[in-house]
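Residue numbers (the numbering used here): 8 to 273.
Positions of the beta carbon are idealized from the N, C-alpha and C atoms, including for glycine.
Working notes, structure below.
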């Protein structure tokens with residue numbers, strides 16, 4: 008990927024950070040987009056996850072530089088519809104035209120239609136509301152769509168003839184109980200990504216979604232780990248670097264014939 012430029016959102020920790028490092032190791036320059044979040048304490052979620060989400064990009068920048076990569080951290084709130092264009096402006100000015108877009112950022116929170124305050128893992132739930140809808144659709148759906156739009160316009164105008172869009176998803180076609188707005192927003196992002204696969208193929212651009220398994224980004228409690236162990240459809244709790252390996256495959260030359268797919272990992 009030498010000479011390529013990647014934009015990875017939500018990259019201050021977890022899968023996003025691991026992806027930024029993996030792409031840099033493969034030779035790409037990386038713009039790391041992130042937003043520090045101050046989550047309230049939750050008895051069902053390990054404090055590690057809160058600390059990860061509240062952190063800046065210092066650690067991932069150090070990791071990228073340790074593998075010899077070029078990296079540019081930018082803190083930005085993707086709920087602001089002006090941010091996607093600004094991120095591309097910064098990337099083009101400092102690194103070059105973006106060749107690889109990884110839609111990883113999320114406005115995640117757990118909401119439900121049920122009259123209950125905690126989910127099956129003891130995490131706090133809130134009722135579906137305009138607030139819970141907006142928090143997730145603004146980032147997971149609208150920002151993803153605007154980022155793909157900026158990527159397509161600029162990539163095609165630059166006549167790159169090569170590009171990769173990779174979106175992270177969760178839930179599924181049957182909904183996502185106890186994370187209903189999150190699942191719905193991710194379904195919208197998948198639909199945008201599949202449309203991009205069809206529309207941008209003539210320009211040498213592939214677009215795929217990756218559905219990670221339960222991945223230990225800090226939120227996996229003992230209860231969650233036990234549930235994964237008991238689920239015959241899941242192999243085990245994955246590490247962020249394992250998901251990043253799949254994203255890097257799709258972003259590279261080896262993934263040139265893979266487009267319009269939701270890659271389900273287990």
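- Looking at the DSSP output, residue 170 shares a beta bridge with 212.
- Remark: C-beta atoms of residue 235 and residue 176 do not approach each other more closely than 8 Å.
- Counting C-beta atoms within 10 angstroms of its own C-beta, residue 247 has 16 or more neighbours from the protein chains shown and is therefore classed as buried.
- By DSSP's assignment, residue 110 forms a beta bridge with 174.
- Looking at 161, 209, 23, the one whose alpha-carbon comes closest to that of residue 223 is 23.
- Annotation for residue 36: the continuous beta strand (DSSP E) segment containing it runs 36 to 41.
- Here the C-alpha atom of residue 123 lies approximately 41 Å from the C-alpha atom of residue 13.
- In the DSSP secondary-structure assignment, residue 82 is bridged to 41.
- Take the alpha-carbon of residue 233 and the one of residue 133: they are about 24 Å apart.
- Here residue 190 is not near residue 112, since their CB atoms are 8 Å or more apart.
- Shown here, residue 25 sits in a helix according to DSSP, grouped into three states.
- Under the three-state reduction of DSSP, residue 196 is assigned to helix.
- In the structure shown, residue 118 falls within a strand segment according to DSSP collapsed to helix, strand and coil.
- Counting of Cβ neighbours within 10 angstroms places residue 239 among the exposed residues, the total staying below 16.
- For the 8 Å CB-CB criterion, residue 162 and residue 170 form a contact.
- DSSP places residue 250 in the uninterrupted alpha helix (DSSP H) bounded by 247 to 258.
- Closest option to residue 146, judged by alpha-carbon separation, among 108, 90, 168, 185: 90.
- Here residue 99 has 105, 161 as same chain residues with Cβ atoms under 8 Å from its own Cβ, once five neighbours each way along the sequence are excluded.
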